[in-house]
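Residue numbers (the working numbering), protein chains in the order written: chain A, 12 to 336; chain B, 12 to 336; chain C, 12 to 336.
Read through the structure below, which is laid out as structure tokens, and then see the notes.
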């Protein structure tokens, strides 16, 4: 279920060839090397290389095997010129990313996103989504273009689902928002006009339960993924590019920052928080109110902020109390 | 106001006699002792025994006075065989609970929940609820079967109210969800298919204010209760079976875990959290960002995580600073 | 953009003269001194004095220059009698405030608030608001009287906007609530009937981004203000009278208490919290999960709870670990 057709969610505004796209970012471009001009219809990431695409590299990387596909590199690292023969070296990679993606794709953070809705049984359902007949959808929902929902899934009321693929037997509770825009931008370029376009999706596998008033941001280029049998309580925030493994359980008001990878069978207490880009091993337990700032090995039990082994955390509390606390 | 008719909210799917229900859980049943076969139409809890019902016992308990009523015991504790003459001893009480309740009751976490709505003034109102004429309801709301709302209550916009009884002069602010599904399941059996059916209600007494984007889960079998004159700020999570006493005040983003009992005149700062099943005495003050892990005596003032007397908490901070902090 | 016409949002119920309003609070009034009887049509605050208004003073203040305007003082501080010649000295200023404001203004926390909606493209839009033609509004939204929205702003789905003025290029994401009621009341007088009427607005300047499931309370008398180019992630709570300066960035699940003033270029991590009425200097960085309890100087970087200089916070952690942690 991990593949998705970007065009179903983010239609191309216009066909651009590499040369034309490079003209758009010309003020930002220092060097432009073209092997072959081609029509661009997608964006690649390090984890998924796509044919006829552009890949944005923020670091020096000599080992991406892009030779078999038409992929043009855009990077702010001069060194990459050595490794790739279709490349634009730019000053500010965020500006280049925004400029190219805004030119290529319709997305919901710019005016004119094309969609058409039917009002079915009290909810707005896009004409461009695929919903199994055995799905139940409550009132005051909005399901937008490209969304697919498999059988026996229950969408309760006042739920917004965009840019998402949902499996079987999924439950999404009231007032939740799935497929929302990730919080991505250059720290030196703030404001809604400088948001990095987010053109990925949310994939929710079979038997997942998501509570009330949750928000799950879609991936930036690829997916935010919630694997089967995972259970998420109320008011949980899941940022872009996160993976929640199978059989996880996440209690209320927890927040998971961008690109965190959570393993299988992980149990997370309420009001916990996770720094971005960390990995949480299988079978770990994260106590309530933990602030997890770095990778956690599998089978660990952690607590506190910064989260440490729960035995250490308890020892420290006892020590503090002995000292007059 | 603490009584409610379960059938108003959770209609019986079918009439079952004890013997038939026991057949459903036969793979789970080790011992089955029947005093008298009867039609089951309700579920009992330790706090409320109901006639013609089943009670699920997770521990050895010899002091439940069920002799005057038709009550069948389902338990995973072999010892209970000594005390009750209508009893099923099962291997996994969660499985038995789910199996029996899913057979008996319609509830919103399974397909086919029966309800019918009218679109009144921009909101969907069930034909099976009782709303006083002097209640004001905003737009894009959903009020489902069984709900009762008393006079002069104001429901703002995009609010979902299910399985709830609301008193007079209550205010529920925008985008809140009342009566949502509690986060109840066996930790070893995860996924939406293993959710414990939640067939209780939310009772909100007179003059309660609930802010925007709150979620209040209904009781599992009995009620989640918010007593009169209590005030709840935005984005507060209240889990199943919680009681909030009279005249409480709960600031934004606080989370209250399942079965917590909060007394009267309790003041709770923002972003506080409470472990499950604890008791908070009358007139206590819980400072903002406290993580309360155990019972708190009345008239206490606590802070920190784990929350301790606020004077101790402050002393500890001073001590830390002296040590070079 | 900082001026707003209160009558656009909160219509006067009835024209009252000072003498008539004082009669309403007579049981609360100890002393009443009248210079000139006039029709009251607004409320003043210390930061904005308005002609033909009442100002409520909770402390002794001798330096308010109200001589050029018709302003009547209501106060519970006897000493103020020396400074003002149009004054009511009351026992309980909260009761007087509630009584006078409820008599003067329609507001959404009392029955009978007058508004009229049109259903436009799936959302309810008040006939009494001004929305630029180039604004895009999703489905299941509610936009109430007085709201103004400037060009190229995008309101996503299931959004509630009340009592607000929005600039250009603003983005408000799904399920957010803007202009909600602040959590204001006398701690000794709880319950929905004793809420302090909140008759201010929210002002959101150009290019602001607000994520999903946020809540921004309107000002009590003046404004809650989010300045241009600021970016707010999902599930952020912003209380009444807060100012967020230009170019701020606030990560998910942060809560900002009433009357906090945040400077320019401030970066705030996720799940941070702020005590009420504090000032955060320009260019500060507040680490994730900080609990900020007092003013922070500009250019600071703070962490922890209570938040301290991040170097001190890290030193303390290292010291704890050395001690066996």
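In this text, a Cβ means the ideal position worked out from N, Cα and C, and glycines have one as well.
query, result
"Is there contact between the segment 39 to 47 of chain B and the segment 96 to 105 of chain B, where contact requires at least three CB pairs shorter than 8 Å?", "yes"
"Would you mind reading off the limits of the beta strand (DSSP E) that contains residue 4(A)?", "Residue 4(A) lies beyond the stretch modelled for chain A, which goes from 12 to 336, so this question has no answer here."
"Taking only beta-carbon atoms, is residue 89(A) less than 8 Å away from chain B?", "no"
"Using only the alpha-carbon positions, how far apart do residue 145(C) and residue 159(C) sit?", "13 Å"
"Whole-angstrom Cβ separation of residue 133(B) and residue 193(B), contact assumed at under 8 Å?", "Residue 133(B) to residue 193(B), Cβ: 29 Å. No contact."
"Please name the residue in 298(B), 94(B), 316(B), 258(B) whose C-alpha comes closest to that of residue 202(C).", "258(B)"
"Given a cut-off of 8 Å, decide if residue 56(A) and residue 165(C) are closer than it, judged by their beta-carbon atoms.", "no"
"Assign residue 26(A) to one of two classes, buried (16 or more other C-beta atoms within 10 Å of its C-beta) or exposed (fewer than that).", "exposed"
"My parser needs the beta strand (DSSP E) runs of 3 or more residues fully inside the segment 83 to 147 of chain A; what are they?", "98 to 101, 128 to 131, 134 to 137"
"Please return the same chain residues whose Cβ sits closer than 6 Å to the Cβ of residue 87(A), not counting the five positions on each side in sequence.", "101, 104"
"Run the CB neighbour count on residue 70(B), radius 10 Å, all protein chains shown included, and call it buried at 16 or more, exposed below.", "exposed"
"Got a sec: is the Cβ-Cβ distance from residue 222(A) to anything in chain C below 8 Å?", "no"
"For residue 264(A), count the other beta carbons within 10 Å of its own beta carbon; 16 or more makes it buried, fewer makes it exposed. Which is it?", "buried"
"Which one of 249(B), 217(B), 276(B), 280(B) has the shortest CA to CA distance from residue 222(A)?", "249(B)"
"Quick one: is residue 25(B) near chain C, going by C-beta distance under 8 Å?", "no"
"To the nearest angstrom, how far is it from the Cα of residue 65(B) to the Cα of residue 186(A)?", "33 Å"
"Establish whether the CB of residue 206(C) and some CB of chain B are separated by less than 8 Å.", "yes"
"Would you identify the three-state DSSP class for residue 290(A), choosing helix, strand or coil?", "strand"
"Between which two residues does the alpha helix (DSSP H) carrying residue 67(A) extend?", "Premise fails: residue 67(A) lies in the beta strand (DSSP E), 64 to 68, not in any alpha helix (DSSP H)."
"Residues of the segment 109 to 132 of chain A with a CB closer than 9 Å to any CB of chain C: list them in chain order, please.", "119, 120, 121, 122, 123, 124, 128, 130"
"For residue 209(A) and chain B, any beta-carbon pair shorter than 8 Å?", "no"
"I want to see whether chain A comes within less than 8 Å of residue 78(B), judged by CB atoms only; does it?", "no"
"Give me whichever residues DSSP pairs with residue 266(A) in a beta bridge.", "248(A), 284(A)"
"Roughly how many angstroms separate the alpha carbons of residue 303(B) and residue 59(C), rounded to a whole number?", "41 Å"
"Are the beta-carbon atoms belonging to residue 246(C) and residue 220(C) less than 8 Å from one another?", "no"
"Is residue 98(B) closer than 8 Å to residue 91(B) when the C-beta atoms are compared?", "yes"
"When you compare the CB positions of residue 226(C) and residue 244(C), do they come within less than 8 Å of one another, or not?", "no"
"Could you list the residues in the segment 247 to 270 of chain A with a C-beta less than 8 Å from some C-beta on chain C, going in chain order?", "248, 250, 264, 266, 268"
"Can you find a C-beta in chain A that's less than 8 Å from the C-beta of residue 155(C)?", "no"
"Classify residue 342(B) as buried or exposed, calling it buried when 16 or more other Cβ atoms lie within 10 Å of its own Cβ.", "This structure does not reach residue 342(B), given that chain B is present from 12 up to 336, and the question cannot be answered."
"Is residue 157(B) closer than 8 Å to residue 19(B) when the C-beta atoms are compared?", "yes"
"Between the beta-carbon of residue 253(A) and the beta-carbon of residue 267(A), is there less than 8 Å?", "yes"
"Find the nearest neighbour of residue 237(B) within the set 61(B), 183(B), 209(B), judged by alpha-carbon distance.", "183(B)"
"If you compare alpha carbons, which of 67(C), 224(C), 32(C), 44(C) is closest to residue 50(C)?", "32(C)"
"Take the Cβ of residue 5(C) as the centre, count every other Cβ of all protein chains shown within 10 Å, and call the residue buried at 16 or more, exposed below.", "For residue 5(C) there is no data in the structure shown, the boundaries of chain C being 12 and 336."
"Do you know offhand how far residue 213(A)'s Cα is from residue 46(B)'s?", "53 Å"
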